[in-house]
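Down below is the structure, laid out as structure tokens.
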Amino acid sequence: MKEGSLKRYKIYSPFLRIFHWVMAGSIAVLFATGLYIGNPAFSGYQGTEATYAVGYIFSMETIRFIHFSAAYFLVAALILRIYGFAVNKGDRLLPKFWTKLYWEGLVDTFLHYIFLRPHHRPCLRNSLARTAYLVVYVLILLEIVTGFAMYFMINPNGAGAKLFGPFNHLFIDEYVVHLIHHYVAWAIALFVIVHVYMAIRADVMEECGEVSSMITGTKFFAEEPIDLGDIADETSDRVGHREHTIAG
């Protein structure tokens with residue numbers, strides 16, 4: 001890449017970046033504690049009951065407290081994500097199924113990922129990634145709903161049970177809700193593995209600052225992204241962001 005050829009594009013708001021890292025930490029804690037809740041690995045000093053496991057450090061009460069605390073952090077982060085979506089165009093890079101550009105980008109990116117094209121056209125966020133993020137947001141929402149549907153049934157007469165309890169009937173019964181919660185958690189875990197790989201791959205192969213963009217909010221491109229119009233009129237600063245160049 002030529003000297004000065006990389007151009008800096010400010011995309012993501014602090015709200016999205018905070019959400020991203022809180023979500024990452026919350027999901028890691030939720031998955032680990034969820035596995036333990038589903039299959040306790042420690043025997044208690046009063047027999048095999050996990051309630052008293054390892055002097056309460058790994059008791060079911062402690063693990064459940066950590067699990068649901070992480071869930072509330074995830075919900076709080078999701079509220080930040082929604083606010084960022086409302087105030088910043090760079091936080092709205094979701095699939096536009098109704099546009100020709102989306103479908104062309106989907107094919108272009110897919111062919112690149114299966115090594116039939118050496119590269120895909122530069123995008124702030126490509127069509128495959130936009131679609132994957134939309135799917136994972138739906139999965140996270142489903143995980144929150146099913147989790148609270150089970151959690152609040154400890155007090156069937158409480159406000160939480162009245163709000164989320166009907167989902168136990170919508171999805172047949174509480175056992176089915178548990179199964180949905182379990183398998184969606186594994187689907188999210190699979191997404192995380194693929195996401196980490198693809199982000200590092202983009203950083204190495206495309207040199208666009210994919211990983212660092214979730215810290216700085218910026219990406220770097222040698223050519224103008226084809227979806228620049230999604231953010232170009234955000235502010236006068238964003239319109240002029242192409243003036244910033246970096247040595248490549």
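Here full-length UniProt numbering is used: position 186 in the sequence shown is 186, and no number is missing along the way. For glycine and all other residues, C-beta sits at the position ideal for the given N, C-alpha and C.
Contact between the stretch 6-16 and the stretch 211-229 (3+ Cβ pairs under 8 Å): yes
Where residue 33 falls, given that 16 or more other Cβ within 10 Å makes a residue buried: Mapped onto the sequence shown, residue 33 falls at position 33. Classification of residue 33: buried, given that the 10 Å Cβ count is 16 or more.
Exposure of residue 19, with buried meaning 16 or more beta-carbon neighbours within 10 Å: Working through the sequence shown from its first residue, we reach residue 19 at position 19. Buried, by the Cβ-count rule.
Limits of the unbroken alpha helix (DSSP H) element including residue 191: Residue mapping note: residue 191 aligns to position 191 of the sequence shown, counting from 1. That run of the alpha helix (DSSP H) goes 174-206.
The stretch 174-194 in contact with the stretch 98-110 per 3-pair CB rule at 8 Å: no
Three-pair Cβ contact test at 8 Å for the stretch 146-165 versus the stretch 108-122: no
Delimiting residues of the beta strand (DSSP E) encompassing residue 64: Locating residue 64 in the sequence shown gives position 64, counting from the first residue. Element bounds for residue 64: not the beta strand (DSSP E) but the alpha helix (DSSP H), 60-87.
Alpha-carbon spacing of residue 113 relative to residue 29, whole angstroms: As a working mapping, residue 113 is identified with position 113 in the sequence shown. As a working mapping, residue 29 is identified with position 29 in the sequence shown. For residue 113 and residue 29, the distance between alpha carbons rounds to 31 Å.
Terminal residues of the alpha helix (DSSP H) in which residue 7 lies: Reading the sequence shown from its first residue, position 7 is the one you call residue 7. First-last for residue 7: 6-10, but that is the beta strand (DSSP E), not the alpha helix (DSSP H).
Among 37, 13, 62 and 145, the one whose alpha carbon lies nearest that of residue 80: Here the question's residue 80 lines up with position 80 in the sequence shown. Of 37, 13, 62 and 145, the residue nearest in Cα terms is 13.
Cβ distance (whole Å) where residue 189 is taken to contact residue 167 below 8 Å: Locating residue 189 in the sequence shown gives position 189, where the first residue counts as 1. Locating residue 167 in the sequence shown gives position 167, where the first residue counts as 1. 22 Å between Cβ atoms; not a contact.
Buried/exposed call for residue 74, threshold 16 Cβ in 10 Å: One-based indexing of the sequence shown puts residue 74 at position 74. Looking at its Cβ environment, which holds 16 or more other Cβ atoms inside 10 Å, residue 74 is buried.
Residue 108 classed as buried or exposed, judged by whether at least 16 other C-beta atoms fall within 10 angstroms: The count along the sequence shown starts at 1 and reaches residue 108 at position 108. Under this definition residue 108 is a buried residue.
Cβ separation of residue 180 and residue 142, assumed to be a contact under 8 Å, to the nearest whole Å: The residue given as residue 180 occupies position 180 in the sequence shown. The residue given as residue 142 occupies position 142 in the sequence shown. Their Cβ separation, rounded to whole angstroms, is 7 Å, which keeps residue 180 and residue 142 in contact under 8 Å.
Candidates 63, 195, 16 and 59, of which the one nearest residue 31 by Cα: For this step, residue 31 is matched to residue 31 along the sequence shown. Comparing Cα-Cα distances from residue 31 to each of 63, 195, 16 and 59, the minimum goes to 63.
Counterpart residues of residue 221 in DSSP-defined beta bridges: Working through the sequence shown from its first residue, we reach residue 221 at position 221. 7, per the DSSP bridge assignment.
Local conformation of residue 227 per DSSP, three classes: Here residue 227 is taken as the residue at index 227 of the sequence shown, counted from 1. DSSP places residue 227 in coil when its eight states are reduced to three.
Under the three-state DSSP convention, the category residue 126 falls into: Taking the first residue of the sequence shown as 1, we reach residue 126 at position 126. Residue state, collapsed to three classes: coil.
Beta-carbon proximity list for residue 174, same chain, < 8 Å, skipping 5 on both sides: On the sequence shown, residue 174 is found 174 positions in, with the first residue counted as 1. Excluding positions up to five away in sequence, the list reads 149, 150, 153 and 168.
8 Å Cβ cutoff met for residue 94 and residue 110: Numbered from its first residue, the sequence shown carries residue 94 at position 94. Numbered from its first residue, the sequence shown carries residue 110 at position 110. No, these two residues do not count as a Cβ contact at 8 Å.
Rounded C-alpha distance that separates residue 92 from residue 36: Stepping through the sequence shown from its first residue, residue 92 is reached at position 92. Stepping through the sequence shown from its first residue, residue 36 is reached at position 36. Answer to the nearest angstrom: the Cα atoms are 36 Å apart.
Neighbour-count burial assignment, residue 39, 16 or more Cβ in a 10 Å radius: Taking the first residue of the sequence shown as 1, we reach residue 39 at position 39. By the 10 Å Cβ count, residue 39 comes out exposed.
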